[in-house]
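Residue numbers (my numbering): -3 to 427. Even for Gly, the Cβ is constructed at its ideal location relative to N, Cα and C. Reading through the C-alpha cells given below for one structure.
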Ligand SMILES: *Cc1c(COP(=O)(O)O)cnc(C)c1O
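This is how it looks when you write it as C-alpha cells:
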C-alpha cells in the first residue's frame, strides 16, 4: 500500500465502512485483499473512465465485472431508467415491458424459447438447477472446477471468482449432504466428464458450464469441448445448462452459444441484460420452462423480479447493442490490447500467457498454456499483484485478482488502447 493511501479519502471511507459492513465491502473481491491493496472508493464513472473519491482518474477495464459493455452512463440507458422511474419503481404485477425484454432475449438467443426474469445471476443459476432437478427427478449436478455460477449452496463447490481468489475450497455453511450432490470435473476434460457420467449417469440432473470461462481468469473451451459436453448430456438424459451471465450479449448478440453453435436446454443470463441494474434471467426449452409455477410444480418467485427500472435499462441496452453492433470494434480493440501485451512481455523476457476472446482477456504470469483451473493456478500471483498495483498507480483499473477476466468496453477510444499499452509497458518494466 502506498503511503499516500493512508491520508486519502478512500482510506477514511474504508475505515468507516469496516465498522458497519463486514470487510467494508458488499462483495468480497472488491476488498482487493488478494492483490495486497486497499479499495479505492468510486465517486462516478463516465464512458471508459472511473473517478475515485480522491479525484484520481482511471481507465476502467472491469466494467462492474461485466455489465457495462458501453462503459458508464450510456445516455439511452440512463434516459430509459429515468423515464421508467417517473411511473413508479415497482408494482409486483406484470408490465408490458417485461414481455418486451423476454421477447428480445428469446429472439437473440433462440434456445431460450421462454424466459423468466430474476434479479441476480446467482438467483438465475440456482433456479435453473432447481428446474433441471425438477424436470429430471434427479438430484446430482456436474460443475467444472473454476467455473463460477453465483453463490447458491450447490454451486459453491470448487467455484471460481472470489472463491478461488481467496484460496478457499468452497464455503463454510454449505451442508455436506448438499455438497455431495455436486460432482466436479476439470474444465475442458471430456474424458473426465464421460467418466463422471459412467459412474453416476442416472443420477445426474444437469451439467452446468461457463461456455467460455471468465471466473478463473479467461479460459477458452477447446475445440469440440462444448459439443462433446452436449452429446454426453443427451446420451445420459441430463440437461445442458449454459451459464452465459458473462458471455451473453458480450461475445455477440447470441452469446457463446451462437459463436460455438451449441443449443443448451437451459441458459442463464445476467450482467449485460440488466444494463447496469440488478437483473438476470434463465430460460430454455418451453417444455422445461412450463414446469415452473404457476404452470408446474417447480417453485420460483421474486418480489422485485422483472423490476420496471431494471427491465427498462435492459431493453435500452439490448436495443443499443442491436442498432450499433459494437462487437467488431470492441473485439478489435481487445485483440490489439492482448497482442500488445504479448509483445511487451516478450520484449521484456517475461513469460506470460494472454488469453483473449472478443472483449474478454486475462494476462496469466506463467509461460504455459492456461486451459483449466490447475493451469490457471500456475500463474505467479505475486507478479499479478505487483502488476495490478503498478497499473493502478498509472491510472488503469484492473480486476483485483488473477482469476477474473477483464473487459474492454465500447466506451474506449482507439487512442486509449495506446495509453493502456504505454501504461502496461511501464508496469511490466517495474516488475
Ligand atoms: C457473475 C456471475 C454469476 C453471478 O451473478 P451475480 O449477479 O453476481 O449473482 C453467475 N455466473 C457467472 C458466469 C458469472 O460471471
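(Q) I'd like to check one pair, residue 111 with residue 278: are the Cβ atoms closer than 9 Å? (A) Locating residue 278 in the chain shown gives position 282, counting from the first residue. Locating residue 111 in the chain shown gives position 115, counting from the first residue. Taking a C-beta distance under 9 Å as the contact criterion, residue 278 and residue 111 qualify as a contact pair.
Q: Answer yes if the stretch 64 to 81 comes into contact with the stretch 296 to 308, meaning at least three C-beta pairs across the two stretches below 8 Å, and no otherwise.
A: The stretch 296 to 308, when compared against the stretch 64 to 81, does touch it at the 8 Å Cβ threshold.
Q) Taking 8 Å as the cut-off, is the CB of residue 239 close to at least one heavy atom of ligand 1? A) Reading the chain shown from its first residue, position 243 is the one you call residue 239. Yes - ligand 1 has a heavy atom lying nearer than 8 Å to the Cβ of residue 239.
Q: Please list, in chain order, all residues of the same chain as residue 122 whose beta carbon is under 6 Å from its beta carbon, the five residues on each side excluded.
A: Numbered from 1 along the chain shown, position 126 holds the residue referred to as residue 122. Hits under 6 Å: 148.
Q | Beta-carbon proximity check, residue 185 vs residue 207, cutoff 9 Å | A | Along the chain shown, read from residue 1 onward, the residue named residue 185 stands at position 189. Along the chain shown, read from residue 1 onward, the residue named residue 207 stands at position 211. Not closer than 9 Å, so no.
Q: State the Cα-Cα distance for the pair residue 51 and residue 218, rounded to the nearest angstrom.
A: On the chain shown, residue 51 is found 55 positions in, with the first residue counted as 1. On the chain shown, residue 218 is found 222 positions in, with the first residue counted as 1. For residue 51 and residue 218, the gap between their C-alpha atoms comes out near 44 Å.
**Q.** residue 431 to residue 28 span [Cα, whole Å]
**A.** Limits of the chain in this structure are -3 at one end and 427 at the other, which puts residue 431 out of reach.
Q: Taking only runs that begin and end inside the stretch 317 to 405, name each unbroken beta strand (DSSP E) of 3 or more residues, in chain order.
A: For the stretch 317 to 405, whole beta strand (DSSP E) runs of length 3 or above, ordered along the chain, are 349 to 353, 356 to 360.
Q. Should residue 118 be counted as a contact of ligand 1 given a C-beta to heavy atom distance under 8 Å?
A. Taking the chain shown and counting its residues from 1, one reaches residue 118 at position 122. Yes; taking the cut-off as 8 Å, the Cβ of residue 118 has a heavy atom of ligand 1 nearer than that.
Q. Are at least three pairs of beta-carbons, each pair with one atom in the stretch 43 to 61 and one in the stretch 4 to 21, less than 8 Å apart?
A. The stretch 43 to 61 vs the stretch 4 to 21: in contact.
Q: Using alpha carbons as the reference points, say which of 150, 183, 159, 90 lies closest to residue 172.
A: For the purposes of this step, residue 172 is taken as the residue at position 176 of the chain shown. Minimum Cα distance to residue 172 is reached at 150.
(Q) Tell me the residue span of the alpha helix (DSSP H) that contains residue 280. (A) Here residue 280 is taken as the residue at index 284 of the chain shown, counted from 1. Per DSSP, residue 280 belongs to no alpha helix (DSSP H); it is in the beta strand (DSSP E), 276 to 280.
Q | Option nearest residue 263 by Cα separation, candidates 284, 411, 199 | A | The residue you call residue 263 lines up with position 267 of the chain shown. Checking every option, the nearest Cα to that of residue 263 belongs to 284.
Q | Candidates 353, 407, 21, 337, of which the one nearest residue 347 by Cα | A | Within the chain shown, numbered from 1, the residue matching residue 347 stands at position 351. Looking at the Cα atoms, 337 is the closest of the given residues.
Q) Beta carbon of residue 54: closer than 8 Å to some heavy atom of ligand 1? A) As a position in the chain shown, residue 54 is number 58, starting the count at 1. Because no heavy atom of ligand 1 lies under 8 Å away, the Cβ of residue 54 does not count as near it: no.
Q. When every heavy atom of ligand 1 is checked, does at least one fall within less than 8 Å of the C-beta of residue 466?
A. Outside the displayed range of the chain (-3 to 427) lies residue 466, so it cannot be described from this structure.
Q) Sorry if obvious, but does the Cβ on residue 264 come closer than 8 Å to a heavy atom of ligand 1? A) Working through the chain shown from its first residue, we reach residue 264 at position 268. Yes; taking the cut-off as 8 Å, the Cβ of residue 264 has a heavy atom of ligand 1 nearer than that.
Q) Is the beta carbon of residue 157 within less than 8 Å of some heavy atom of ligand 1? A) Against the chain shown, residue 157 aligns to sequence position 161. Yes.
Q | Rounded Cβ spacing between residue 267 and residue 201 (contact assumed at less than 8 Å) | A | Within the chain shown, residue 267 is the residue found at index 271, counting from 1. Within the chain shown, residue 201 is the residue found at index 205, counting from 1. With 8 Å as the limit, residue 267 and residue 201 do not qualify as a contact, their Cβ atoms being about 25 Å apart.
Q: From the DSSP output, in three-state form, read off residue 41 for me.
A: In the chain shown, the residue the question calls residue 41 occupies position 45. Three-state DSSP puts residue 41 in a strand.
Q: Report the rounded CA-to-CA distance for residue 157 versus residue 36, giving the unit in angstroms.
A: In the chain shown, the residue the question calls residue 157 occupies position 161. In the chain shown, the residue the question calls residue 36 occupies position 40. Linking residue 157 to residue 36 through their CA atoms gives a straight-line distance of about 20 Å.
Q) Under 9 Å, do residue 226 and residue 204 count as touching if we go by C-beta distance? A) Position 230 of the chain shown, counting from 1, holds the residue named residue 226. Position 208 of the chain shown, counting from 1, holds the residue named residue 204. Contact flag unset, no.
Q. Under a three-way DSSP split, which group does residue 421 fall into?
A. On the chain shown, position 425 is the one that residue 421 refers to. In this structure, residue 421 counts as helix in the three-state DSSP scheme.
Q) Can residue 314 and residue 403 be called in contact, C-beta distance under 9 Å? A) Locating residue 314 in the chain shown gives position 318, counting from the first residue. Locating residue 403 in the chain shown gives position 407, counting from the first residue. Using a Cβ distance threshold of 9 Å, residue 314 and residue 403 do not count as a contacting pair.
Q. Residue 140 lies in the beta strand (DSSP E); which residues open and close that run?
A. On the chain shown, residue 140 is found 144 positions in, with the first residue counted as 1. Annotation: the continuous beta strand (DSSP E) that includes residue 140 extends over 136 to 140.
Q: Can you tell me which of the three DSSP states residue 113 falls into?
A: In the chain shown, counting from the first residue as 1, residue 113 sits at position 117. Correct three-state label for residue 113: strand.
Q: Going by CA-CA distance only, name the one from 334, 375, 363 that's closest to residue 357.
A: As a working mapping, residue 357 is identified with position 361 in the chain shown. Of 334, 375, 363, the residue nearest in Cα terms is 334.
Q | One or two residues paired with residue 180 in a DSSP bridge | A | Against the chain shown, residue 180 aligns to sequence position 184. DSSP lists 139 as partners of residue 180.
Q) Going by the C-beta, is residue 143 closer than 8 Å to any heavy atom of ligand 1? A) The residue you call residue 143 lines up with position 147 of the chain shown. Checking the Cβ of residue 143 against ligand 1 gives yes.
Q. If we ignore side chains and look at the alpha-carbon of each, how far apart do residue 256 and residue 235 end up?
A. The residue you call residue 256 lines up with position 260 of the chain shown. The residue you call residue 235 lines up with position 239 of the chain shown. Taken atom to atom, the span from the alpha-carbon of residue 256 to that of residue 235 is near 18 Å.
Q: Would you check whether ligand 3 has a heavy atom nearer than 8 Å to the C-beta of residue 383?
A: Absent from the structure shown: ligand 3. Ligands present: ligand 1.
Q. Roughly how many whole angstroms lie between the Cα atoms of residue 421 and residue 340?
A. Taking the first residue of the chain shown as 1, we reach residue 421 at position 425. Taking the first residue of the chain shown as 1, we reach residue 340 at position 344. If I take the Cα positions, the gap works out to 6 Å.
Q) Which two residues bound the contiguous beta strand (DSSP E) that contains residue 95? A) Looking up residue 95 in the chain shown gives position 99. It is not in any beta strand (DSSP E) - residue 95 instead sits in the alpha helix (DSSP H) that spans 92 to 104.
Q.
Please classify residue 10 as buried or exposed, where buried requires at least 16 neighbouring CB atoms within 10 angstroms.
A. Along the chain shown, one-based indexing puts residue 10 at 14. Buried is the call here.
Q. Between which two residues does the beta strand (DSSP E) containing residue 28 stretch?
A. Residue 28 sits at position 32 when you count from the first residue of the chain shown. Neither: residue 28 is in no beta strand (DSSP E) and is coded neither H nor E.
Q.
For residue 232 and residue 154, I'd like the C-alpha separation in whole angstroms.
A. Translated into the one-based positions of the chain shown, residue 232 becomes position 236. Translated into the one-based positions of the chain shown, residue 154 becomes position 158. In a straight line, the C-alpha of residue 232 is about 23 Å away from that of residue 154.
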